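Under this note's numbering, the first residue of the sequence shown carries the number 208, and numbering increases by one thereafter. For each residue, glycine too, the CB sits at the ideal point set by N, CA and C. Owing to the predicted nature of the structure, the values given are computational and were not obtained by experimental measurement.
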Amino acid sequence: MKLHSTETQQYQTVTSYDDSGVELNAIRFDHSLLVLPETPPVDWPVASFEQLDVGHFSQIDATRPDVVILGTGQRQRFVHPRLTVALTERRIGVECMDNQAACRTYNILMAEGRKVALALIIEAKTA
């Protein structure tokens with residue numbers, strides 16, 4: 208789905224997404240990544256939802272977001288609370304949703320000026 212541009216183009220904005228990847232400011236990514244409004248996207252070494260561990264959430268915590276939008280792939284899944292305990296202790300919310308909803312929600316929160324982290328799990332297509 209293509210999204211319309213707004214005045215937030217100086218930030219990392221989701222401009223398009225589909226089942227196999229995402230575009231940020233019209234640059235295509237087909238692997239898991241962390242996105243914050245004011246910094247370039249960072250590779251996130253998560254190959255699948257089942258692979259998530261505490262270390263992946265520590266990488267998110269290091270960015271000091273106010274809220275985390277976790278895109279869990281093509282369908283919504285929920286992480287075990289033991290994985291997000293460090294974020295929860297610092298009163299950082301973690302919202303889980305499918306990647307398409309996560310992209311839309313990230314754009315809304317980013318446009319509102321929130322310090323939001325988008326953590327997208329993009330699973331590699333198998334041949």
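Beta-carbon gap between residue i and residue j smaller than 8 Å
i    : j    : result
Y218 : N306 : no
G262 : A326 : no
V275 : L316 : no
W251 : L259 : no
K322 : P272 : yes
T270 : A233 : no
The beta strand (DSSP E) enclosing residue i, as first and last residue numbers
i    : result
Y218 : From DSSP, Y218 is part of no beta strand (DSSP E); its letter is neither H nor E.
G228 : G228 to L231
G278 : V274 to G278
I234 : I234 to F236
Spatial distance of residue i from residue j (CA atoms)
i    : j    : result
L243 : R282 : 22 Å
V253 : I329 : 8 Å
S255 : Y313 : 20 Å
T222 : P247 : 15 Å
E245 : R298 : 22 Å
E302 : C310 : 12 Å
L231 : S265 : 23 Å
R235 : H287 : 30 Å
A318 : L294 : 23 Å
E296 : R284 : 22 Å
G300 : V292 : 10 Å
G320 : E257 : 32 Å
T200 : V249 : The structure shown has nothing for residue 200, since the chain only spans 208 to 334.
CB contact check: residue i to chain D, cutoff 8 Å
i    : result
Q258 : The structure shown contains no chain D; it holds only a single protein chain.
Residue nearest to residue i in terms of C-alpha spacing, selected from the options
i    : options             : result
G280 : E230, V221 and H238 : H238
I267 : L290, D226 and R284 : L290
Endpoints, alpha helix (DSSP H) assigned at residue i
i    : result
L316 : N306 to A318
T295 : V292 to E296
D268 : V261 to D268
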